[in-house]
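For reference, the structure discussed in these notes is given below.
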Amino acid sequence: MSTSYRWVSCTAFLSLLIFAIASCGSSDLAELDGDLSELAEKPDGEDGDADSSDSETAALGGVPAAQDGEDVCLGDIVPPRGAAGRAYFPATAVSQTAPFEELDRRARQQILDDVCIENVPCDTIEREVQIWERHEGAGYRCVMAIIDRQTRDEWIREVESSLPDRLVDRGQDVIGTLRGIAENDSPRVTIAEITDRGAPGGPRAEWLHRSIERALHQMDVHVIARRPDWSGYGVPDNVDGVIRAEIAALDEEHNPIEISWKVRSADRILRGESLVLPDFATPNVDEASHLPRLDINDDEVSLLFDSRDGGGLCHGQRTELWLETDEDMHVRVFNLYGNRSGHAIFPAIPGDDDLVRSGVPVSLGQFRAMRHGDIGAERFLVIASPNPESLDRYSSIDRFCRLPSSLAHSLQHGQDLPNSGDVYFYETGFRLMDGEECAEFSFDEREKQQILDIVRSAPSCW
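In the numbering used here, the protein residues as written are 428 to 889.
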């Protein structure tokens, strides 16, 4: 199979444009005033210093606890106008026995616990937390602390501006090692996809991409633009290393995110120290574009889009999908979108050779990303083996076809995969974006309808 193996749109298998069935997740950079009222609407657990037998609790936003007496005390506290995340972020503490001074401390600490994240400078927040009101009633004392939204927003900007420096702190050792491997004081790197909550690309991935670039420049590292025809396999000839990063939820209670990253050189993988940020201090990512996290990628296979920084695509944007293996392998590629929908896209037509030759990048076609439905991201899954029988039931697929909904759902969650020892897997995808950054792209409705008609008419794979 030659490196020019590809289909141009409107040729014999326009159906390869299947991957255009993309999501409509919003990708505008979220306003960094992200709604802390979501935190204020949830009762928190008991304060760590409280003794449950003493009925001492701390609650966010004045949410009453279960006991009647606490309800009375908390109900008598009137938040400042615009509280619950609009102009102020409040927190309350209540106790039968603790003095007001202790409750002041607890209420203030509650705000710090829910706004600040460990190892993120939080001096601005600490200075500006205020005690709004104290009250005593029904045998309880209660205190409300607040912080105004403007202060919180200033702190968010501090978090963003300090991110490159924090990345430098966590990257010096790794980049130092890369310098030694490359024998170059100013090594060259390219930044591959950034996966955010299971899907590459999106507003937060692009935001992180910019911070990583700034950090690398501070470390005298040259950032080389990713080649559009690179398959993602190994390290391109024009660079010394490839950086990949992942954004994942660390704690669902307070919504911090963890950023992990690694650098791949020609012969080893160097892992940098991860860092934690508060979710609301980063650009918003539509939950509809989250995908289940899979940890199945093998080094023997790679699949990559020519995409925006971080891995996203705009509605109407043209792209190309590249595949490569490190030995001759029989390959199947699946496009999974939504929770229960998917198609086999390689091989495309009966008679196509499914054998991908070692070290020969293969184009799976030129496509246009398209927003359709209510899903914000797509996944592409590769199943490959030197032995076609090891592909199990997938070996019989020889054309573009529709997967049963139950199987598409299983594959989306990394299930129902062949379990032979000589089978290799790889998954990637994209998050769909729109907004000002995508203004240059458009999609003719007639072309969109043609694609949808082809997708709907695909035969069942079995």
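Even for Gly, the Cβ is constructed at its ideal location relative to N, Cα and C.
Could you pull the DSSP bridge partners for residue i from this structure?
i, result
"Y764", "S768, E805"
"S887", "R829"
"V712", "Partner(s): none; V712 has no beta bridge."
"I558", "A572"
"K689", "R671, R698"
"I824", "Per DSSP, none; premise fails for I824."
"I810", "R759, F852"
"R858", "A804"
"V703", "E685"
"Y912", "This structure leaves residue 912 out entirely; the chain is present only between 428 and 889."
"Q793", "E747"
Does the distance from the CB of residue i to the CB of residue j come in under 8 Å?
i, j, result
"I670", "I651", "no"
"I558", "D596", "no"
"T622", "M571", "no"
"C500", "G603", "no"
"G739", "G841", "no"
"S658", "S729", "yes"
"S812", "S847", "yes"
"E854", "N724", "yes"
"T551", "E581", "yes"
"G792", "F870", "no"
"E673", "S692", "no"
"G856", "H717", "no"
"D713", "E633", "no"
Using the Cα positions of residue i and residue j, report the straight-line distance between them to the nearest angstrom.
i, j, result
"L721", "P526", "50 Å"
"R579", "A708", "9 Å"
"I810", "I583", "42 Å"
"D541", "D706", "11 Å"
"Q536", "D498", "21 Å"
"C569", "L594", "41 Å"
"L605", "P663", "15 Å"
"A804", "A609", "36 Å"
"H562", "D503", "7 Å"
"D600", "L643", "13 Å"
"S480", "Y567", "In this predicted model, S480 has a pLDDT of only 36, less than 50, meaning its place in the structure is not dependable enough to derive any value."
"A492", "V521", "Note on A492: pLDDT 42, under 50, position unreliable in the model; the coordinate value appears next. Rounded to whole angstroms, A492 to V521 spans 9 Å at the Cα level."
"D733", "I538", "43 Å"
"R695", "L704", "28 Å"
"H799", "E553", "45 Å"
"A676", "G778", "44 Å"
"R698", "K689", "4 Å"
"E700", "D592", "13 Å"
"D849", "V882", "32 Å"
"I878", "D678", "40 Å"
"S588", "I684", "17 Å"
"R508", "P548", "28 Å"
"S822", "R795", "28 Å"
List the endpoints of the continuous alpha helix (DSSP H) containing residue i.
i, result
"R615", "Where R615 is concerned, there is no enclosing alpha helix (DSSP H), although the beta strand (DSSP E) it sits in stretches over 615-623."
"R584", "576-609"
"T551", "550-555"
"E497", "495-502"
"E640", "630-645"
I'd like the span of the beta strand (DSSP E) that includes residue i, first residue to last.
i, result
"D540", "First-last for D540: 527-542, but that is the alpha helix (DSSP H), not the beta strand (DSSP E)."
"A518", "515-522"
"I674", "668-676"
"G743", "Premise fails: G743 is in no beta strand (DSSP E) and is neither H nor E."
"L730", "728-732"
Applying the criterion that 16 or more other CB atoms from any shown protein chain within 10 Å of the CB defines a buried residue, is residue i buried or exposed?
i, result
"V505", "exposed"
"N611", "exposed"
"R533", "buried"
"G607", "exposed"
"D667", "buried"
"S450", "With a pLDDT of 35 at S450, under the threshold of 50, the modelled position of this residue cannot be trusted, and the question is left open."
"E872", "exposed"
"I776", "exposed"
"D880", "exposed"
"R746", "In the sequence as displayed, the identity of residue 746 is Thr instead of Arg. Classification for T746: buried."
"S768", "buried"
"Q839", "buried"
"S817", "buried"
Tell me whether residue i counts as near the ligand SAH, meaning its Cβ is closer than 7 Å to at least one heavy atom of that ligand.
i, result
"E872", "The ligand SAH is absent from the structure shown, which contains no ligands of any kind."
Taking only beta-carbon positions, decide if residue i is within less than 8 Å of chain C.
i, result
"R671", "Note that chain C does not occur in the displayed structure, where there is just one protein chain."
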